[in-house]
Each structure stands twice: as structure tokens, then as C-alpha cells.
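In the numbering used here, the protein residues as written are 108 to 811. Note that CB positions come from ideal geometry on N, CA and C, so glycine has one too. The model shown is predicted, which means the values in this text are computed figures rather than measured ones.
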């Protein structure tokens with residue numbers, strides 16, 4: 108590969124870039140266009156995706172205050188348990204195009220395409236167009252990336268900003284200019300506003316990269332890194348300061364905190380608590396996670412990324428990426444300190460190691476979709492390794508390393524595909540046979556034509572499994588709090604909700620993977636008539652009554668196997684879906700037409716058309732009516748917001764119309780939680796009416 112030298116930079120270094128190859132632009136266009144089309148396929152099947160965030164998007168599209176704070180409802184009772192940056196992108200789209208599944212999820216798709224493009228640009232700058240193209244392709248087909256770039260969780264924006272920080276730091280290593288360091292810090296700071304402390308996992312490798320390979324002298328490098336740190340603080344601090352300084356009685360409660368503080372949320376529930384498992388207000392029994400994290404969130408340890416829940420999401424190419432890191436560093440052993448290729452290896456290798464080790468040993472809440480944060484590093488190292496090994500295959504030890512990479516990738520694919528024995532059973536055998544032949548062939552010197560055939564075989568071994576899982580992900584509906592890519596693999600059963608599929612819990616809003624009601628697809632439900640106010644209905648065909656909050660059982664949630672409390676959801680294998688479910692901890696409510704019509708009647712006369720315990724219980728009603736529904740206690744139902752006295756005052760002032768029973772009342776059904784006290788007060792003072800399996804209390808009609 109030839110290079111052209113650009114003029115000398117102010118620091119005295121020379122920025123060498125690979126020439127534009129004739130095939131490069133068409134190949135990149137094909138990659139990005141193919142990624143866009145693939146990610147848009149069947150997008151509406153995901154419906155609202157995660158109702159918790161979808162409700163916040165709806166709220167922010169109606170209220171600028173809700174937009175700024177990330178409120179769960181347009182009346183600003185409480186925020187989601189994350190900063191709002193990821194919501195802003197979707198909320199602006201909804202303001203432009205109206206509330207529906209596509210206007211909410213297409214921005215996430217575009218973030219995914221941008222991530223692929225930016226990774227290509229970053230890897231290309233150091234290792235050339237072929238490495239960049241391979242890296243972009245691997246990221247595009249990684250199953251967990253395919254899932255999360257079509258979902259409304261904060262991870263899509265987080266990944267893009269982490270790659271952007273790597274791109275800016277790569278530019279900084281090339282010329283040593285202050286602006287790139289400041290831009291790196293700004294990207295990290297804004298990433299904090301997407302998902303708080305998780306973005307900091309890439310800070311050590313970024314800093315180490317520049318500290319070792321930055322062009323200026325050591326003192327200036329340290330000063331520049333300090334400036335980058337200041338930019339990082341400023342990038343997040345403006346919003347944190349605004350929230351902390353804002354009078355607490357005139358802004359929403361900070362969801363996920365016990366004392367209405369974004370600092371507490373950052374350091375506790377979303378911070379150190381994720382590492383040690385001591386998370387006040389968490390979802391484990393009694394509000395605490397099992398010791399060592401060896402329960403609901405799986406066991407900790409060095410092999411965690413290869414376990415059933417996580418393996419099919421991300422593990423396919425991790426061994427090859429680690430081997431590529433070792434080979435690449437060995438090749439750059441005698442390079443000068445400022446060598447950009449070694450610097451890139453430090454960045455991507457550090458990213459993979461630091462993030463992977465933290466994920467492997469964190470004892471708090473851990474979901475398999477978190478592993479999308481590993482995807483850029485794995486993809487970059489695979490692209491780098493493929494080009495480095497191919498270009499130096501005349502060395503015997505490099506050929507041995509390449510053969511080892513093929514063998515490890517083959518073994519990993521066999522293991523992962525064997526966990527889903529009914530899923531494309533021929534594929535693992537094809538990978539095994541091809542892998543054995545390619546491994547042996549790569550050890551020996553081959554003519555160019557034979558080498559190309561072996562390289563294509565290696566590409567099949569590495570990409571066939573991820574592509575198969577990704578195609579399955581594109582063809583399936585995913586919703587709820589813990590989505591999972593690919594087919595069932597036996598991980599974390601019992602954690603499902605409608606359409607969630609976490610590690611094997613299949614389910615979808617409809618048998619064909621599509622939403623079943625107008626409200627599910629973004630339009631308010633219509634049809635039906637409101638029941639007589641004096642009429643008391645009965646739960647339908649075994650649906651749990653709305654007054655029953657449900658509890659965790661065997662690591663599950665109310666309505667196991669896809670059924671929400673108050674009704675049952677339809678799984679991927681078909682079957683009846685009873686609407687009117689009150690929702691649960693991990694799955695949103697699915698209101699029937701009768702309930703929606705009842706809530707909409709004079710709904711605009713109230714600040715909140717209803718209140719329900721837990722954000723997911725409230726979310727479905729809010730999305731169906733597009734009217735504020737108060738989520739008592741936030742996501743887990745455990746936040747002390749509102750207090751019983753505040754709720755009583757809201758009711759006395761005529762601000763809340765209905766109380767919807769059946770939501771989750773705090774961790775482990777804690778009878779001492781604020782939400783439980785509110786539920787007890789409502790049931791003691793107001794008469795219940797059951798409609799389609801959900802118990803409602805009209806808060807304008809107290810008992811005599």
C-alpha cells in the first residue's frame with residue numbers, strides 16, 4: 108500500500124495518509140447503503156421497543172421542560188434514570204414527523220450508519236482503506252449492534268460518541284493540535300449525557316494512547332490531556348449544574364435516585380453500584396442484588412462474555428481480536444514512540460480490555476445488550492489484524508498466528524451455534540469443515556490465487572455466524588427492557604416481556620412480529636365504548652387482576668414467558684394476546700381500546716390522566732393516549748416520588764383522574780415503599796372498577 112505525505116504539521120510530525128483507491132468509495136457506499144437498508148428492514152416490528160424510553164420521547168416531544176430534563180411524562184413528575192441526550196435525537200424527530208415507531212427508531216438507525224462510517228474513517232487513517240472497510244463491516248453485522256441500532260435505548264448514541272472520541276484522538280496523535288484533544292473531551296462529556304459513567308471506560312485507553320504517542324514533549328502532552336479532561340467536564344457539567352442548581356420543587360424528580368440528585372444517581376445506582384452490586388432501589392429481591400452478582404444478572408468472571416446470555420451478542424470475534432492485538436504490537440515492536448499504528452493498537456486494545464474486564468466482573472445490574480460497547484473495538488482490531496496478517500503472510504510466525512486466529516474463530520462459532528441447535532444446524536458444520544481446511548492451508552506459503560481463496564474462507568468463518576444471528580434479529584420483533592439479539596441460546600430465562608427475547612425468551616406483540624393495535628404502532632387506540640362508571644368488570648380468562656402487583660419469581664417478572672400482569676402477551680409462536688395488561692417491571696402496559704377510551708374522556712382536564720406504580724406500567728397508557736400518566740416510584744417503583752402527602756395533595760387539587768392498580772410496588776414487593784403507601788391509601792379511600800383485567804380507581808369519586 109502506497110502513502111502520500113501531507114505537509115509537516117505545526118508540531119513537526121508528518122501526517123501520512125493512504126491514497127484513495129479506485130474501489131474505495133464504491134465499497135464504502137455499498138457498505139453504508141447496505142447497512143442503512145438492512146437496519147430499516149422490518150423496523151416497525153419493534154413497535155415502541157423499550158416503552159420506558161418511548162414514553163419519555165413522547166413526553167419530550169410535547170414539553171420542552173420534559174425535553175431538557177428527560178422526564179417520563181409531559182407533566183414532569185419524574186425523569187428517566189439516565190441523562191436525556193439519547194432522548195433528544197428521537198424527540199426532535201418526533202416533533203418533526205409525529206409520534207410513531209418509525210419517527211422514533213429511524214434516528215437510531217442513522218446513528219448506527221454514522222457509527223459504521225466513523226469507525227471506517229478512524230481505522231482507515233492508521234491502517235488503510237481495506238482495514239477500515241473490514242472494521243466497518245464487522246461492526247455493521249455484529250448481532251448486538253444490529254439490535255441496538257434499531258432500538259431506543261441510550262446505547263446507540265453512546266457508541267457513536269465513543270467512536271467519535273477515538274476518531275478525534277487519532278487525529279490528535281497525528282498532529283498534536285490542541286483542538287483534537289478538546290474535541291475528544293467534548294465527545295466524552297456529551298457521551299456522559301447519554302449513559303453516564305459507562306462512557307468513561309474508554310478514557311484510560313484514550314489517555315494512554317496520547318500519553319505514549321502524542322507528538323509534543325511529555326509536559327505538553329500532560330497539559331493537553333488535562334485540557335481534554337476540562338473539556339470533558341464542561342461537556343457534561345453544563346447540564347449537571349443546571350439540574351443541581353435548579354430549584355428541586357420546580358423540576359421533575361431525578362429518577363433512579365433516592366434523594367432527588369443527579370450526582371447521587373451518577374455515583375450510586377448508575378455508578379459504583381453497578382460495580383459492587385450495592386444499588387439502592389435496584390430490582391433484586393429486597394432491593395439488593397445477590398452477593399457477587401451470581402444471580403439475576405449471571406455469574407461474574409473472565410468468561411462472562413462467552414456465556415449463553417452474552418456469547419451470541421458479541422463473542423464471535425473476540426479471540427481473533429485479542430490475537431490481532433498481540434500480533435500487531437509484536438510487529439510494531441521497534442517503531443518510534445510516535446508510531447500511529449502502535450498508538451491505534453493501544454487505543455482499540457485498551458478499549459476492548461478495559462471495557463471487557465469491567466463488564467466481566469461488575470456485580471451489579473448487567474444486561475447482555477451492554478456488550479454493544481465492545482463492538483467497535485472488536486471490529487477495529489479484526490480489521491487491523493486481517494490487513495496486518497495478510498500483508499506479512501510471508502513470515503512463518505505470522506502465518507501461524509493467522510491460522511490460530513482462524514482456528515479460534517471456528518471454535519467460538521461452533522460453541523455459540525451449538526447452543527441454538529435448532530437454528531440453522533448446517534451452519535456450524537459448514538464453518539467447522541471450512542475452518543479446519545483454512546487453518547491447515549494458511550500455515551503453508553501459497554500462491555496469491557490460493558491465498559485469496561483461503562482469505563475468503565476465513566471471512567466466511569468469521570462472519571457467517573454473526574450474519575445469521577443478525578438476519579434473525581432483523582426478522583424478529585424486539586421490545587421491553589432487556590432485548591437480546593439472535594435465536595434462543597438458553598441464557599437468563601424468565602426475564603422476558605412482550606417481544607423481549609432475552610437469552611431465549613421469545614415473544615412479540617403479535618404472531619407475525621408486528622404490533623397488534625393502533626396504539627402499539629404509535630396511534631391512539633380507537634373503538635369501543637367507556638364502561639358504565641358503576642360497572643365492575645372481571646379479569647378475562649385467567650388474566651391476573653389489576654390489584655395484584657406481581658413479584659419476582661426465579662429471576663422473573665410479573666407475567667413470565669411474555670405475559671404482563673393483568674393480561675397475557677402473545678409470543679413469537681402465536682397464541683392469543685389479551686390486551687389491557689397493567690405492565691410489569693420489564694414490560695410495558697398494553698391497554699385495551701376500552702381503557703384508552705375511558706382515559707381519553709375529558710383527559711385534557713387533568714394534569715395527569717392517570718397514575719400507575721412503575722414507569723413501564725404507566726408507559727403503555729401514556730403512549731396510547733398521548734396524555735401524561737404519572738409513573739409512581741420511577742422505573743423500579745422504588746423512588747420516593749411522589750410522597751404520599753404530595754400524591755394526596757394532587758388528588759385534592761383534581762390533578763389526577765385515575766389510579767391504575769397492578770404495577771410494580773418497589774423492589775421485591777417492599778410494603779414500606781412510598782408506592783405501596785400510595786396504593787394502600789387509594790384502595791382504602793376509593794372504589795375500584797375492573798376493565799379488561801385492569802383495576803382502576805376514579806380519584807374524583809371517593810368512597811362515601
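Paired residues, beta bridge with residue 765 - DSSP: The secondary-structure analysis by DSSP pairs residue 765 across a beta bridge with 717, 805.
Close beta carbons around residue 500, own chain, < 6 angstroms, minus the five adjacent residues each side: If you ignore the 5 residues before and after residue 500, its C-beta comes within less than 6 angstroms of the C-beta of 506, all in its own chain and listed in chain order.
Taking Cβ to Cβ, would you say residue 735 is nearer than 9 angstroms to residue 208? No, Cβ-Cβ distance for residue 735 and residue 208 is not below 9 angstroms.
Nearest neighbour of residue 140, chosen from 127, 219, 295, 172 [CA to CA]: Shortest Cα-Cα distance from residue 140 to any of 127, 219, 295, 172 involves 219.
From the DSSP output, in three-state form, read off residue 405 for me. Residue 405: strand per DSSP, three-state reduction.
Work out the CA separation of residue 492 and residue 562 for me, nearest whole Å. Counting only the Cα atoms, residue 492 lies some 13 angstroms from residue 562.
Whole-angstrom Cβ separation of residue 470 and residue 363, contact assumed at under 8 angstroms? Their Cβ separation, rounded to whole angstroms, is 18 angstroms, which puts residue 470 and residue 363 out of contact at 8 angstroms.
State whether the segment 454-471 contacts the segment 247-256, with contact taken as three or more CB pairs (one from each stretch) at a distance under 8 angstroms. Cβ pair count under 8 angstroms is below three, so no.
Excluding five sequence neighbours on each side, which residues of the same chain lie with their C-beta closer than 6 angstroms to the C-beta of residue 200? Closer than 6 angstroms at Cβ, skipping near neighbours: 210, 214.
Out of 409, 441, 476, 715, state which residue places its alpha-carbon closest to the alpha-carbon of residue 417. Nearest to residue 417 by alpha-carbon distance, out of 409, 441, 476, 715, is 476.
Chain-order list of residues whose beta-carbon lies under 8 angstroms from that of residue 755 (same chain, five-residue window excluded): Around residue 755: 788.
Looking only at C-alpha atoms, which of 440, 431, 257 sits nearest to residue 497? Out of 440, 431, 257, 431 has the C-alpha closest to the C-alpha of residue 497.
DSSP three-state label for residue 502, please. Looking at residue 502 - three-state DSSP - the assignment turns out to be coil, as it is neither helix nor strand.
Supposed close pair residue 274, residue 228 - CB separation, criterion 8 angstroms: Contact between residue 274 and residue 228 is confirmed by a C-beta separation of about 6 angstroms, below the 8 angstroms threshold.
Three or more C-beta pairs closer than 8 angstroms, one from the segment 408-428 and one from the segment 333-353: is that the case here? No, the segment 408-428 is not in contact with the segment 333-353.
Among 320, 150, 700, nearest to residue 280 - alpha-carbon criterion: The residue with the shortest Cα to Cα distance from residue 280 is 320.
Using C-beta distances below 6 angstroms, list every residue in its chain close to residue 160, excluding the 5 sequence neighbours before and after it, in chain order. Cβ neighbours of residue 160 within its own chain (closer than 6 angstroms, five residues either side excluded): 259.
Between the C-alpha atoms of residue 605 and residue 587, what's the straight-line distance to the nearest angstrom? Unreliable positioning characterises residue 605 in this predicted model, as indicated by a pLDDT of 34, which lies under 50. The coordinate reading is nonetheless provided below. Going by the C-alpha atoms only, they are around 7 angstroms apart.
So, do the segment 711-723 and the segment 739-749 have three or more beta carbon pairs nearer to each other than 8 angstroms? Between the segment 711-723 and the segment 739-749, the count of C-beta pairs closer than 8 angstroms reaches three or more; the two stretches touch.
Extract the residue ranges of the beta strand (DSSP E) inside the segment 463-490, only unbroken runs of 3 or more that lie entirely within it. Runs of the beta strand (DSSP E) inside the segment 463-490: none found.
Between which residues of its own chain and residue 553 is the CB-CB distance below 7 angstroms, once the five residues before and five after are set aside? These residues qualify, in order along the chain: 561.
Checking 9 angstroms against the spacing of the C-beta atoms, do residue 520 and residue 572 come in under that value? Closer than 9 angstroms, so yes.
Assess contact between the segment 279-294 and the segment 351-367, defined as three or more Cβ pairs (one per stretch) separated by less than 8 angstroms. Is contact present? Contact fails: fewer than three Cβ-Cβ distances are below 8 angstroms.
Taking a contact to mean a Cβ-Cβ separation below 9 angstroms, would you say residue 490 touches residue 316 in this structure? No, the pair does not count as a contact, with Cβ atoms beyond the cut-off.
So, for residue 530: in the same chain, excluding its five sequence neighbours on each side, which residues have a beta-carbon less than 6 angstroms away from its beta-carbon? So the list reads 594, once near-sequence residues are dropped.
Where does the unbroken beta strand (DSSP E) through residue 798 begin, and where does it stop? First-last of the beta strand (DSSP E) with residue 798: 793-798.
Roughly how many angstroms separate the alpha carbons of residue 164 and residue 197, rounded to a whole number? In this structure, the CA atom of residue 164 is about 7 angstroms from the CA atom of residue 197.
State the Cα-Cα distance for the pair residue 703 and residue 357, rounded to the nearest angstrom. Taking the Cα positions, residue 703 is about 30 angstroms away from residue 357.
Which parts of the segment 120-193 are runs of the beta strand (DSSP E), unbroken and 3 residues or longer, counting only runs that do not cross its ends? Within the segment 120-193, the complete beta strand (DSSP E) runs of at least 3 residues are 121-125.
Using the C-alpha atoms, what's the distance from residue 509 back to residue 503? Across the structure, residue 503 and residue 509 are spaced so that their CA atoms are roughly 10 angstroms apart.
Would you call residue 155 buried or exposed, if buried means 16 or more other Cβ atoms sit within 10 Å of its Cβ? Residue 155 comes out buried.
Ordered along the chain, which non-local residues of its own chain (more than five positions away) have a Cβ less than 6 angstroms from that of residue 238? Cβ neighbours of residue 238 beyond the five flanking positions: 230, 490, 491, 494.
Taking the C-alpha atoms as reference points, what is the distance between residue 376 and residue 187? A straight-line Cα-Cα distance of about 13 angstroms links residue 376 and residue 187.
Would you mind working out which of 299, 549, 414 sits nearest residue 527, comparing C-alpha positions? Taking only the C-alpha atoms, the option nearest residue 527 is 414.
DSSP three-state assignment for residue 458, whether helix, strand or coil: Reduced to three states, the DSSP call for residue 458 is helix.
Starting from the Cα of residue 433, find the closest Cα among 488, 318, 516 and give me that residue. Per the Cα distances, 488.
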